[in-house]
Structures are given as structure tokens and as C-alpha cells.
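Undergrad: Residue numbers (my numbering): 1 to 225. Can you read through this structure? Questions will come right after.
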């Protein structure tokens, strides 16, 4: 009787500690990948892919790469992917694993919807809030197509960050600058950074372009000579 009781207790204990298998939550859907990357926050900030999932209306950055996907900046993609939800995701991840099944469509967007090529040119800040900027300030900005970043000089400090440009809608994030003491105050830097943080619509004017918000010109740039 005692042996039977011990055996029963051991069997019951074993049954309690047996792991319960759980099926991975995996779906297959079509997603769009934007033609630029942008900074996304986390323990370590990084340039992330920007995607729009099948049932979503907005593009959002994801911290994970898509397995077997060869992304090229300047191209927008429609992909069929397998998305697996991770039960206990590591830090600094989205909580999903993305696996490429098929590239359904690729659309080249080298100018991001504008009739002016923003890349490969150093752009001098010509006007700020509708007022002429002293050329001696040396304020300028440039675009990095490969990384979806902007960088430049505000008249005293250097700056950098990320940007998004969808059609003609321009926005920035994670703008950072050096903290040098300025020998000459050109009255440009603070307003320059503020205007970049506001963003707006980009309009081309022949060989120059402006960034406008609510009908007001915030910034105007011309090629740096």
C-alpha cells in the first residue's frame, strides 16, 4: 500500500512539472516598407525600417530587421512576410520576428516625391522665418539618403538627426547638436533647430527649396557655394 501511494505521488508530481507546449503565434501578411529609415528610441538608438502593416493606417518604425530581406534606401517595398510573436522578447526588440516570404512589388523613389534632388548637395540656409540669413553665418544642411538622416551646421554648432519625407511632408526626430560656446551670435541657430522640429511641407523653387508650415515659410535653402 505504501509503495502504491509513493508511486502515485511521484506520478502526480511529474504531471505537475511537465511543460505545456504552446503554439507560436504566427501570421502571414502583406506589409509596406518605406523608402527611408529613421531613428527609433530604445536602450541603443538606431536607424530602423519604417513599415505599415496590413491592418494599420500609419507607417511605424520597427527595431528588428526582416530576415532574408535586402533593403535598399530610396525604394519602397510591398512584401509578403511571416510575423511571429515572441513570448519573451529580448530588450530593444519589437517583440516580433519578421521573415520574408516574397517581394511583391518594388517602387523606386529617389527624390521622395519632389522635382528636386535633395541628396548629394550641401544646402545653405538662405531665409529663416521669412527673413534673410547672413551668409557669413555659414548655416547649412544636407541629407543622407542611405541612413534617412540630416546633418549640418547652425552657425556655431554642428547638428544631426533623422528625417522622414513622404511625398512632400517633412518631419524630423532625434535632432542633436554639439554644445560649443559661440563667439558670434548670428541669431540663427535656435530658430533653425526649432523650425526643423516643427517640419511641414517641402516646396521646390527651381534650384532651391523651402519648408513651410500653416502657410508660412519657415526655412529656405539654396545650394552652398
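We put the beta carbon where it would ideally sit given N, CA and C, even for glycine.
Answer yes or no: do residue 101 and residue 133 have a C-beta to C-beta separation smaller than 7 Å?
TA: No, these two residues do not count as a Cβ contact at 7 Å.
Undergrad: Using a Cβ-Cβ cut-off of 6 Å (strictly less than) and excluding sequence neighbours within five positions of residue 177, which residues of its own chain qualify?
TA: 157, 159
Undergrad: Would residue 192 pass as a contact of residue 123 if the rule is Cβ separation under 7 Å?
TA: no
Undergrad: Quickly, what does DSSP pair residue 219 with across the bridge? List them, please.
TA: 128, 211
Undergrad: Assign residue 61 to buried or exposed, taking buried as 16 or more other Cβ atoms, counted over all protein chains shown, within 10 Å of its Cβ.
TA: buried
Undergrad: Per DSSP, which residues does residue 61 bridge with? Please list them.
TA: 50
Undergrad: Going by DSSP, what residue range makes up the alpha helix (DSSP H) through residue 136?
TA: Boundaries cannot be given for residue 136, as no alpha helix (DSSP H) includes it and DSSP labels it neither H nor E.
Undergrad: Ends of the alpha helix (DSSP H) at residue 170?
TA: Run containing residue 170: none in the alpha helix (DSSP H); it sits in the beta strand (DSSP E), 169-177.
Undergrad: Take every Cβ of the stretch 28-39, pair it with every Cβ of the stretch 68-79, and state whether three or more of those distances are shorter than 8 Å.
TA: yes
Undergrad: To which residues of the same chain is residue 28 closer than 6 Å at the C-beta, ignoring the five residues directly before and after it?
TA: Leaving aside the five residues that flank residue 28 on each side, the residues in its chain whose CB is nearer than 6 Å to its CB run, in chain order, 82.
Undergrad: Between the alpha carbons of residue 89 and residue 68, how many angstroms are there, rounded?
TA: 20 Å
Undergrad: Report the residue ranges of all beta strand (DSSP E) runs contained in full by the stretch 62-118; include only those spanning at least 3 residues, in chain order.
TA: 75-85, 96-108
Undergrad: Within 10 angstroms of its Cβ, does residue 172 collect 16 or more other Cβ (buried), or is it exposed?
TA: buried
Undergrad: Would you mind reading off the limits of the alpha helix (DSSP H) that contains residue 196?
TA: 189-198
Undergrad: Kindly indicate which three-state DSSP category residue 163 falls into: helix, strand or coil?
TA: strand
Undergrad: Would you check if the distance between the CB atom of residue 152 and the CB atom of residue 162 is smaller than 7 Å?
TA: no
Undergrad: To the nearest angstrom, how far is the alpha carbon of residue 169 from that of residue 196?
TA: Roughly 12 Å separates the two Cα atoms.
Undergrad: Does DSSP classify residue 144 as helix, strand or coil?
TA: Here residue 144 sits in strand by DSSP.
Undergrad: Using a threshold of 7 Å, state whether the C-beta atoms of residue 120 and residue 139 are closer than that.
TA: Not closer than 7 Å, so no.
Undergrad: Nearest-angstrom Cα distance between residue 185 and residue 224?
TA: 21 Å
Undergrad: Use the C-beta contact count for residue 113: other C-beta atoms within 10 angstroms, 16 or more gives buried, fewer gives exposed.
TA: Low confidence applies to residue 113: its pLDDT is 46, below 50, so where it sits in the model is not reliable, and the reading given next is rough at best. Answer is exposed; the Cβ neighbour count stays below 16.
Undergrad: Using CA coordinates, which residue listed in 65, 78, 137, 70 is at the minimum distance from residue 53?
TA: 78
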